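Chains as they are written, first to last, in this note's numbering: chain A, 1 to 797; chain B, 1 to 293. Every residue gets a Cβ at the ideal spot worked out from N, C-alpha and C, and that includes glycine. Just so you know, these numbers come straight off a predicted model, no measurement behind them. Notes follow once the structure below has been shown.
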Ligand SMILES: Cc1cc2nc3c(=O)[nH]c(=O)nc-3n(C[C@H](O)[C@H](O)[C@H](O)COP(=O)(O)OP(=O)(O)OC[C@H]3O[C@@H](n4cnc5c(N)ncnc54)[C@H](O)[C@@H]3O)c2cc1C
């Protein structure tokens with residue numbers, strides 16, 4: 001690990017004896033999960049709990065003429081069959097817009113469709129029964145008469161005058177448009193030695209969490225309180241939205257989030273069927289459980305990345321990139337998702353294209369259109385893979401055009417490591433990035449020159465291997481600029497409360513959540529290190545709006561950077577408070593004392609003075625022995641939000657080494673490298689595994705994953721046999737290196753690491769495939785890179 | 001999703017299973033390894049009223065040599081094909097093929113008879129049965145029938161089996177002197193059903209084929225024993241002979257279109273497999289064109 005910035009303040013609160021920072025320590029929740037003692041929503045059983053199954057539309061677009069549930073209601077075990085109109089008595093519709101995304105429009109969406117369905121899979125009725133199986137039996141007997149309407153499915157024609165408008169009240173199918181123009185683009189193209197254009201196509205795909213979305217909603221009429229058990233990334237957001245639409249005060253809603261089996265951004269949204277489950281509990285005055293099955297997960301979990309993006313780059317013979325231009329089009333389904341909206345992804349594409357490079361000339365247009373397909377919204381690395389694939393694809397095309405090595409053109413154009421702070425052509429401010437250090441490091445890790453030599457040798461034998469490089473930037477630690485300024489009640493600050501218990505252990509409540517990435521572990525590592533107690537003495541409580549401080553949760557790579565800093569600051573206060581009491585008890589001064597290894601010690605000689613449990617005993621049970629006026633405070637709370645920079649940008653570079661069978665079109669991933677800079681690394685293993693997991697999702701997009709819709713809006717591969725998730729058999733070894741540029745916005749210095757892997761993986765692989773195919777004079781700018789796509793490009797079929 | 005309610009009986013003998021099938025007919029389904037039936041039931045693609053479980057019938061399980069024939073019980077697991085020494089010596093093609101069927105967990109439960117009865121055109125084993133010249137042994141209300149593999153598969157998920165029938169065993173001629181096999185398939189991921197695959201069994205005579213049986217799968221609604229093989233037997237192999245056979249193969253096949261491939265792509269891949277098969281069996285790397293991955 002190389003550090004390009006020396007901490008100017010010398011030893012920080014983290015550089016302490018027995019610090020857990022920067023160490024791979026086992027996650028505290030590992031044994032519990034591995035011994036099968038996790039508690040997922042589907043494990044929860046409450047007295048009088050009923051199960052809901054949603055009858056879903058088989059049509060992409062249709063009027064609901066009638067719903068006949070007479071037979072179904074009489075079937076064994078059935079408690080109720082509820083239509084959209086009936087549910088409307090307890091829950092109001094919503095519109096997924098934010099004010100800072102100017103012009104964004106959407107139509108009111110109901111928990112269950114009323115009068116009209118707008119995508120295949122939208123719920124038309126809820127069947128509540130004593131078991132899921134009984135509800136499914138009854139669902140087969142709910143007769144819905146539909147009158148099919150023309151479905152808008154092709155984003156390219158969604159804005160044509162001849163295409164029906166999905167929501168008449170909106171006037172057209174354009175949800176959002178953003179135009180950006182910086183520098184002098186036309187002039188830059190005019191003075192370029194070469195201008196290259198390409199159309200980039202991205203397959204619509206989805207997150208495929210191991211545990212599907214699941215909710216247990218429990219309306220307690222006697223208390224007038226709703227408890228929602230849900231695997232969500234943002235409990236306080238769910239609390240706010242549920243209360244708003246059920247006509248409750250937030251204090252009447254408690255959201256409990258136990259173990260979560262993967263999220264990837266899928267579980268950071270508010271879904272109609274989840275809203276319907278809350279409402280059904282209120283309507284039927286009993287606990288209701290909804291667990292999506294795999295088919296409905298494919299049809300209703302948000303999709304992402306369905307983009308077609310025209311790109312253009314200008315370059316001079318010496319390799320100087322003169323300008324970038326893009327025209328991005330994306331189809332988001334019939335509604336903008338609630339409450340984060342479906343304009344963010346396209347907005348991010350505009351923000352990020354060209355971001356690693358010095359060129360200031362940049363023109364972009366992004367249009368977001370409605371379609372009769374499942375809703376699209378934010379999924380891991382929102383917009384990044386699109387922006388990175390377009391940018392890095394264009395950079396490689398430019399290099400090829402002028403006959404320059406892909407590494408060299410990057411060296412000549414990446415923003416210099418000493419040029420910070422500076423801003424991107426789209427106006428994003430960078431505090432400190434390390435593109436060149438990262439590139440140097442990856443070149444060494446992969447042995448670039450040796451690979452090039454191997455490539456040349458093998459090519460003579462008819463074996464076609466390729467190298468692909470992709471530099472990237474990543475948005476992490478978002479401030480209120482992301483959602484809050486647009487009017488969404490999604491907190492960008494997080495809070496942590498820490499307290500010393502009566503035996504000297506620490507209880508820590510945090511508002512960030514855990515979905516498997518290690519939020520619990522990193523919090524315990526920080527608290528243990530800053531306080532001076534061992535990690536086994538730190539118990540972290542997350543995911544309960546009744547218990548934790550108010551905060552945003554875990555998404556947009558913010559848990560470590562924001563929640564971690566709150567933990568650090570809260571623990572510093574607790575530490576000070578403990579040392580104040582210790583000084584009184586020991587007739588010393590706080591400055592002469594320290595906490596190391598669960599005991600108060602002398603700073604001077606390290607000698608142990610009093611165990612923390614003894615201190616706690618005195619404070620809690622014998623305060624009478626303390627001098628008059630001393631009121632110890634062994635609990636502390638702190639909140640944190642970044643204020644200086646709207647986002648803490650991170651950066652990195654990925655490289656892929658692949659082999660293409662030019663007879664069959666199959667791509668074999670031989671090796672993958674990542675160097676990234678997430679600032680302070682709290683737990684190297686957790687960071688590396690986040691990167692690896694992210695890369696695997698990016699490789700899925702590159703080679704396998706795609707939601708295949710037919711022209712009538714039917715999702716034709718909504719199952720695990722036909723929708724291909726990446727599996728271990730096809731994955732290469734993924735080597736990871738780091739450069740460390742801590743952010744100065746926080747004492748912790750941590751930026752996010754959760755999405756970097758996903759951001760650049762597909763771009764690296766696509767560039768590698770094109771490199772392998774360079775003798776054939778063909779360029780592929782479409783993912784997934786299926787054998788069909790490659791053989792077609794090679795003219796073999 | 002949850003399967004629709006069904007009744008379940010664990011058959012105590014083959015006769016008992018046949019009795020149950022005779023009584024329930026179309027409303028019943030045999031449950032063997034359950035790796036195809038149970039997913040279909042959970043998706044409510046099928047909803048049998050009665051499930052007849054043959055999993056406890058030891059008489060249906062096992063691999064044995066009877067003279068110059070190898071006998072495989074219908075309930076023999078895919079995993080057994082990988083570990084049996086009789087398979088390795090008598091019909092090694094089956095071991096090569098079994099390695100491509102799904103993943104270990106599925107191979108531990110899925111059965112040879114179940115795979116043949118399921119008759120998925122993308123399955124490995126039905127094509128192997130064609131290449132090996134297998135005989136499928138079926139018992140039904142009218143007694144035992146012995147059906148040549150070439151006649152057994154009639155269409156997508158369709159065979160000569162009637163609702164009252166039980167597939168009990170497979171008989172295979174034991175590979176003799178000079179025999180060789182080739183198995184390769186193109187699948188997007190390890191364990192997936194193939195986009196196109198080839199199971200081939202040959203008898204070599206010096207540098208030529210004395211016999212060649214090419215069992216293609218995932219090239220249409222059922223496995224295909226390619227007639228183009230005839231063009232490759234008893235001749236001196238050259239790249240033009242191979243190319244002509246490839247063209248004949250293209251004409252002969254009538255592949256389907258799905259999300260993985262167009263008919264043109266399947267024809268192309270079938271030809272690639274043909275070239276790789278011939279190059280490998282005759283040890284003629286010169287006939288193998290293009291890169292590999
Ligand atoms: C994830 C996954 C991947 C798979 N991939 C592959 C693959 O790559 N290649 C492949 O070939 N298969 C694959 N399979 C299917 C697997 O091989 C099954 O085991 C096989 O198709 C059916 O065998 P079974 O014993 O499980 O039969 P079952 O599922 O029990 O039965 C299948 C059908 O055959 C009937 N049947 C079963 N036994 C008899 C009998 N003795 N007589 C009459 N009828 C009978 C049943 O009634 C049913 O209709 C996969 C399965 C899964 C779940």
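- Identification of chain B residues near residue 123 (chain A) by a Cβ-Cβ cut-off of 7 Å yields none; the smallest Cβ-Cβ distance measures about 15 Å.
- Rounded to whole angstroms, residue 677 (chain A) and residue 407 (chain A) show a C-alpha spacing of 19 Å.
- Residues of chain A whose Cβ lies closer than 8 Å to the Cβ of residue 262 (chain B) are, in chain order, 788, 797.
- Beta-bridge analysis with DSSP links residue 146 (chain A) to A:64.
- In this structure, the CA atom of residue 716 (chain A) is about 15 Å from the CA atom of residue 43 (chain B).
- When beta bridges are read from the DSSP output, residue 649 (chain A) appears opposite A:475.
- A direct Cα-Cα distance of roughly 37 Å separates residue 282 (chain A) from residue 712 (chain A).
- Scanning chain A for C-beta atoms nearer than 7 Å to the C-beta of residue 14 (chain B) yields nothing, as the closest lies near 32 Å away.
- Cα atoms of residue 216 (chain B) and residue 39 (chain B): separation of roughly 26 Å, rounded to the nearest angstrom.
- Annotated three-state conformation of residue 303 (chain A) is strand, per DSSP.
- Scanning chain A for C-beta atoms nearer than 9 Å to the C-beta of residue 184 (chain B) yields nothing, as the closest lies near 10 Å away.
- Nearest neighbour of residue 245 (chain A) by Cα position, chosen from A:82, A:276, A:260, A:786, turns out to be A:276.
- Judged by pairs of C-beta atoms under 8 Å, the segment 692 to 705 of chain A touches the segment 765 to 783 of chain A, as three or more such pairs exist.
- Taking a C-beta cut-off of 7 Å against chain B, the contacting residues of the segment 719 to 731 of chain A are 722, 724, 727, 729, 730, listed in chain order.
- Beta-carbon to beta-carbon, residue 561 (chain A) and residue 746 (chain A) are separated by about 7 Å, close enough to satisfy the 8 Å threshold.
- Ligand 1 never approaches residue 190 (chain B) closely enough for any of its heavy atoms to be under 7 Å from the residue's Cβ.
- The residue from B:279, B:218, B:192 with its alpha-carbon nearest to that of residue 232 (chain B) is B:279.
- Taking the Cα positions, residue 526 (chain A) is about 21 Å away from residue 580 (chain A).
- Taken in chain order, the members of the segment 655 to 689 of chain A whose beta-carbon sits within less than 7 Å of a beta-carbon on chain B are 659, 660, 661, 662, 663, 664, 666, 667, 668.
- A Cβ-Cβ separation of about 57 Å leaves residue 531 (chain A) out of contact with residue 665 (chain A) under the 8 Å criterion.
- At a C-beta separation below 7 Å, residue 133 (chain A) has these neighbours in chain B: 2.
- Judged by DSSP secondary structure, residue 48 (chain B) falls outside any beta strand (DSSP E); it is assigned neither H nor E.
- Taking 8 Å as the threshold, the shortest C-beta distance from residue 256 (chain B) to chain A does not fall below it.
- Closer than 7 Å to some heavy atom of ligand 1: that describes the Cβ of residue 35 (chain B).
- Annotation: the continuous beta strand (DSSP E) that includes residue 640 (chain A) extends over 635 to 640.
- About 16 Å separates the beta carbon of residue 63 (chain B) from that of residue 32 (chain B), a gap too long to meet the 8 Å contact definition.
- Residues of the segment 295 to 329 of chain A with a C-beta less than 8 Å from any C-beta of chain B: 295, listed in chain order.
- DSSP places residue 388 (chain A) inside the alpha helix (DSSP H), whose first and last residues are 384 to 402.
- Shown here, residue 286 (chain A) sits in coil according to DSSP, grouped into three states, outside any helix or strand.
- Flagged as an interface residue toward chain B: residue 293 (chain A), by a C-beta distance shorter than 8 Å.
- Inter-segment contact for the segment 157 to 175 of chain B and the segment 252 to 269 of chain B is absent: fewer than three beta-carbon pairs are separated by less than 8 Å.
- Using a cutoff of 7 Å, the CB of residue 113 (chain B) counts as near ligand 1, since one of the ligand's heavy atoms is closer than that.
- Closest by C-alpha distance to residue 555 (chain A), out of A:575, A:515, A:107, is A:515.
- Contacts between residue 136 (chain A) and chain B, judged by CB atoms closer than 7 Å, involve 1, 2 in chain order.
- Each residue's CA atom was taken as its position, placing residue 254 (chain A) and residue 220 (chain A) some 11 Å apart.
- Under the Cβ distance rule, residue 118 (chain B) does not count among the residues neighbouring chain A, no pair being separated by less than 8 Å.
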